[in-house]
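Note that this note's numbering has the sequence shown beginning at 205, numbered continuously upward. Note that the Cβ used here is the ideal one computed from N, Cα and C, for glycine as well. Here is the structure we will look at, set down as structure tokens.
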Amino acid sequence: MTSNNKIDYGIVGAGAAGLWLALELDRGNCLTNRKLIIFEENAQKGDDRTWCFWSPDDVGDSVIKNSVSHSWSRVSYSCSAKNSISISPYRYYYIRSSDFYEEAKRVLNKNPNIEFVYESVEDYTSTDVGIELKTGTGQKIMCEKVFTSAFKPFYSLPQIHFWQTFAGRRVKFEKEVFDNRCFTLMDFGIPQGGATQFLYVLPTSKTEALIEVTKFGKEDLDREFASQTIEKAVKTFDAGYRFIDEETGKIPMSLKLESEFSTHPDARIIPIGTVSGAIKATTGYGFLEMRNRAKVIAQGCISGNFQPFRQSARFKFYDQLLLTILKEEPQRGKEVFTSLLYGTPPQKVFKFLSEKTSIFEDLHVFSSLPVTLFLKHLVKLNWNK
Ligand SMILES: Cc1cc2nc3c(=O)[nH]c(=O)nc-3n(C[C@H](O)[C@H](O)[C@H](O)COP(=O)(O)OP(=O)(O)OC[C@H]3O[C@@H](n4cnc5c(N)ncnc54)[C@H](O)[C@@H]3O)c2cc1C
């Protein structure tokens, strides 16, 4: 490890946000004659999640291309549906985190100015000459700038009251049962139990898929319910099967992160990733956004100008309204999402959820939604919750 020398950049956390930022600093030639240390407390970090996202092109990013396990060109909204819809020019991509971590590190390890330190950052001190990070083994490293995807020690943990929780199982069938060009998004044909719950089916081959139950709610998804729902879905294929592995997770659905954590009192500490509010509150997607934000931060490293990321007021308003409905009337979530999905072409849904639609396109999207429900909750808006 580098001794007590001052370095230029410290990144805390080698997850999606930390690695994307390191990659973009490397690609943007920000590390010529500059030193970066990436601190990660979990040296064993591996296949801890899968990332899915849509993109309207062939992605155009070598790290993504080398990490993608599968992508789909068609969508359906029900496992039992015989028909599917083309999502062209989009594709929906699937990346196993272990493949991304490995590919990112393979690229980053080529740069002698980047070092990985597998220790936790336990404390920090703001000094006149930089931010001094103290690791779990007592090492002290002075950094000119620190980018953090970790709350602690820079912030206290936020109080989040609304979550996306999910539990999935990867299943392998003994015969071909899937059309692996097509994935199932938000199948609401499962018991709602007074909440907003749905199923994803992500076939990575004709015989193998990740099947996941997701809940939007104040309480976590009932794991027993998720297991039973997945088994029931699997049995409809009428073929021998075995479960290979599973994935569980929890993603904050809150606008609070951006409003409270997108800056730090010491402007040399720059939050990134989940901490900074990079995950869209109403969908839980954030992987590609972290790549996009990393590009902007890398440009900031060259210009010296770092602006906190702020969601556009228009999309923040939409997200807040939808979150209010999901919190106050979770049983209506099914109606909202099925109206959206069945009433709007998938390409327009993806564009809208990517916050790239014009206000006129938004009006088209809204025309498919239960308008009175939205109007009713307009008056109940409680910002920053
Ligand atoms: C199971 C799961 C599935 C998801 N699937 C999708 C998806 O399909 N599509 C999508 O767009 N988004 C998805 N997300 C949301 C989001 O993209 C991910 O959560 C993403 O991994 C967040 O990246 P991050 O870098 O902010 O946080 P993390 O990946 O959690 O990285 C933070 C890192 O910091 C380390 N760390 C924490 N504290 C310290 C410390 N003090 N010192 C040193 N290291 C520290 C942690 O060990 C961790 O490695 C998913 C989230 C989860 C949890």
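Who are the Cβ neighbours of proline 407 in its own chain at under 6 Å, not counting the five residues just before and after it?
-> Position 203 of the sequence shown, counted from the start, is the residue given in the question as residue 407. Hits under 6 Å: Phe382, Asn384 and Ala413.
Would you kindly work out how many angstroms separate the C-alpha atoms of glutamate 539 and alanine 517, rounded to a whole number?
-> In the sequence shown, the residue the question calls residue 539 occupies position 335. In the sequence shown, the residue the question calls residue 517 occupies position 313. Distance between glutamate 539 and alanine 517, taken at the CA atoms: about 25 Å.
Opposing strand residues paired with valine 479 [DSSP bridges] = The residue you call residue 479 lines up with position 275 of the sequence shown. DSSP lists no partner for valine 479.
Close-in-space but distant-in-sequence residues of the same chain around phenylalanine 150 (CB under 7 Å, 5 per side omitted) | A question about residue 150 goes unanswered here, because the residues of the chain that appear run from 205 up to 589.
Which residues in the same chain as glycine 217 place their Cβ atom closer than 6 Å to its Cβ, once the five residues preceding and following it in sequence are excluded?
-> Along the sequence shown, read from residue 1 onward, the residue named residue 217 stands at position 13. The beta carbon of glycine 217 is closer than 6 Å to those of Ser353 and Ala354 in its chain, skipping five residues each way along the sequence.
Does any heavy atom of ligand 1 sit closer than 7 Å to the C-beta of alanine 218?
-> Position 14 of the sequence shown, counting from 1, holds the residue named residue 218. True, at least one ligand heavy atom lies under 7 Å from that Cβ.
Helix, strand or coil: which one does DSSP assign to threonine 433?
-> For this step, residue 433 is matched to residue 229 along the sequence shown. It is helical.
Shortest alpha-carbon distance to isoleucine 506 belongs to which of Phe441, Asp251 and Leu229?
-> Your numbering for residue 506 matches position 302 in the sequence shown. Out of Phe441, Asp251 and Leu229, Leu229 has the C-alpha closest to the C-alpha of isoleucine 506.
Specify, as a first and last residue, the run of the alpha helix (DSSP H) that glutamate 464 falls within.
-> The count along the sequence shown starts at 1 and reaches residue 464 at position 260. 460–465 is the span of the alpha helix (DSSP H), which, as asked, contains glutamate 464.
Quick one, are the C-beta atoms of serine 302 and aspartate 251 less than 8 Å apart?
-> Against the sequence shown, residue 302 aligns to sequence position 98. Against the sequence shown, residue 251 aligns to sequence position 47. Yes, they are a contact pair.
Identity of the residue in Cys347, Pro574, Leu425 and His365 nearest tyrosine 546 by Cα = Position 342 of the sequence shown holds residue 546. Closest by alpha carbon: Pro574.
So what does DSSP say about valine 311, is it helix, strand or coil?
-> As a position in the sequence shown, residue 311 is number 107, starting the count at 1. Note: valine 311 maps to helix in three-state DSSP.
Under a Cβ-count criterion, where at least 16 other Cβ atoms within 10 Å of its own Cβ denotes burial, should lysine 555 be classed as buried or exposed?
-> To locate residue 555, count along the sequence shown from 1; it is residue 351. With 16 or more other Cβ atoms within 10 Å, it is buried.
Do the CB positions of methionine 346 and valine 325 come within less than 8 Å of each other?
-> Along the sequence shown, read from residue 1 onward, the residue named residue 346 stands at position 142. Along the sequence shown, read from residue 1 onward, the residue named residue 325 stands at position 121. Taking 8 Å as the cut-off, the beta carbon of methionine 346 is found no closer than this to the beta carbon of valine 325.
Quick one: does the C-beta of valine 311 sit closer than 7 Å to a heavy atom of ligand 1?
-> What you label residue 311 is simply residue 107 of the sequence shown in a count that begins at 1. Not one heavy atom of ligand 1 falls within 7 Å of the beta-carbon of valine 311.
To which residues of the same chain is valine 350 closer than 6 Å at the C-beta, ignoring the five residues directly before and after it?
-> Position 146 of the sequence shown, counted from the start, is the residue given in the question as residue 350. So the list reads Gly214, Ile335 and Ile473, once near-sequence residues are dropped.
Report whether the distance from the Cβ of alanine 354 to the nearest heavy atom of ligand 3 is below 7 Å.
-> With respect to small molecules bound, the structure shown includes ligand 1 and not ligand 3.
Note down the Cα distance separating threonine 254 from tyrosine 298, rounded to an integer number of angstroms.
-> Taking the first residue of the sequence shown as position 1, residue 254 is located at position 50. Taking the first residue of the sequence shown as position 1, residue 298 is located at position 94. If I take the Cα positions, the gap works out to 7 Å.
Close Cβ partners of proline 512 (< 7 Å) along its chain, the five nearest in sequence each way excluded | As a first step, residue 512 is located in the sequence shown; it is residue number 308 there, counting from the start. Excluding sequence neighbours, proline 512 sits near Ser466 and Thr467.
Would you say the beta carbon of tryptophan 255 comes nearer than 7 Å to a heavy atom of ligand 1?
-> Residue mapping note: residue 255 aligns to position 51 of the sequence shown, counting from 1. The answer is yes for tryptophan 255.
Please report how far the alpha carbon of arginine 295 lies from the alpha carbon of threonine 542, in whole angstroms.
-> As a working note, residue 295 is residue 91 in the sequence shown. As a working note, residue 542 is residue 338 in the sequence shown. Between arginine 295 and threonine 542, the alpha-carbon positions lie close to 21 Å from each other.
Looking only at DSSP bridge pairs, what is phenylalanine 377 linked to?
-> Start at 1 with the first residue of the sequence shown, and residue 377 comes out as number 173. Tyr445, per the DSSP bridge assignment.
With a threshold of 16 other CB atoms inside 10 Å of the CB of phenylalanine 304, please say whether the residue is buried or exposed.
-> One-based indexing of the sequence shown puts residue 304 at position 100. Result: buried.
Within 10 angstroms of the Cβ of threonine 339, are there 16 or more other Cβ atoms? Answer buried if so, exposed if not.
-> As a working note, residue 339 is residue 135 in the sequence shown. When all chains shown are included, threonine 339 counts as buried.
Quick one: does the C-beta of threonine 369 sit closer than 7 Å to a heavy atom of ligand 1?
-> Residue numbering aside, residue 369 sits at position 165 when the sequence shown is read from its first letter. Incorrect: threonine 369 has no Cβ contact closer than 7 Å to ligand 1.
For glutamate 348, which of Ile529, Asp212, Lys454 and Lys249 has the nearest alpha-carbon?
-> Within the sequence shown, the letter at position 144 stands for residue 348. The residue with the shortest Cα to Cα distance from glutamate 348 is Asp212.
Report the option in Thr561, Phe243 and Ala285 whose CA atom is closest to the CA atom of valine 405.
-> If you number the sequence shown from 1, residue 405 lands on position 201. The residue among Thr561, Phe243 and Ala285 with its C-alpha nearest the C-alpha of valine 405 is Ala285.
Which residue's Cα is closest to the Cα of glycine 477: Arg238, Cys256, Ala498 and Thr487?
-> Position 273 of the sequence shown holds residue 477. Minimum Cα distance to glycine 477 is reached at Ala498.
If we ignore side chains and look at the alpha-carbon of each, how far apart do glutamate 464 and serine 360 end up?
-> Within the sequence shown, residue 464 is the residue found at index 260, counting from 1. Within the sequence shown, residue 360 is the residue found at index 156, counting from 1. Taking the straight line joining both Cα atoms gives about 11 Å.
Minimum C-alpha distance to asparagine 233 - residue among Met390, Gln515, Asn270 and Leu312 | As a first step, residue 233 is located in the sequence shown; it is residue number 29 there, counting from the start. Answer by Cα proximity: Leu312.
Given 8 Å as the limit, is there contact between the region 443–457 and the region 362–376, that is, 3 or more CB pairs closer than that?
-> Yes, the region 443–457 touches the region 362–376.
Are there 16 or more other CB atoms within 10 angstroms of the CB of valine 500, so buried, or fewer, so exposed?
-> As a first step, residue 500 is located in the sequence shown; it is residue number 296 there, counting from the start. An exposed status is given to valine 500, since fewer than 16 other beta-carbon atoms sit within 10 Å of its beta-carbon.
Threonine 236: buried (16+ other C-beta within 10 angstroms of its C-beta) or exposed?
-> Your numbering for residue 236 matches position 32 in the sequence shown. With fewer than 16 other beta carbons inside 10 angstroms of its own, threonine 236 counts as exposed.
According to the neighbour-count rule (16 or more other Cβ atoms, all chains shown, within 10 Å of its Cβ), is glycine 398 buried or exposed?
-> Your numbering for residue 398 matches position 194 in the sequence shown. Answer is exposed; the Cβ neighbour count stays below 16.
Euclidean distance between Cα positions of asparagine 588 and lysine 460 = Taking the sequence shown and counting its residues from 1, the one referred to as residue 588 is at position 384. Taking the sequence shown and counting its residues from 1, the one referred to as residue 460 is at position 256. Because the pLDDT at asparagine 588 is just 46, under 50, the model does not fix this residue reliably, and the value given afterwards should be weighed accordingly. Their Cα atoms are separated by approximately 5 Å.
Kindly list the residues whose CB is nearer than 7 Å to the CB of tryptophan 276, restricted to its own chain and excluding five residues on each side of it in sequence; keep chain order.
-> Counting from 1 along the sequence shown, the entry for residue 276 is found at position 72. Only Arg295, Tyr296, Arg385, Cys386 and Phe387 meet the Cβ criterion.
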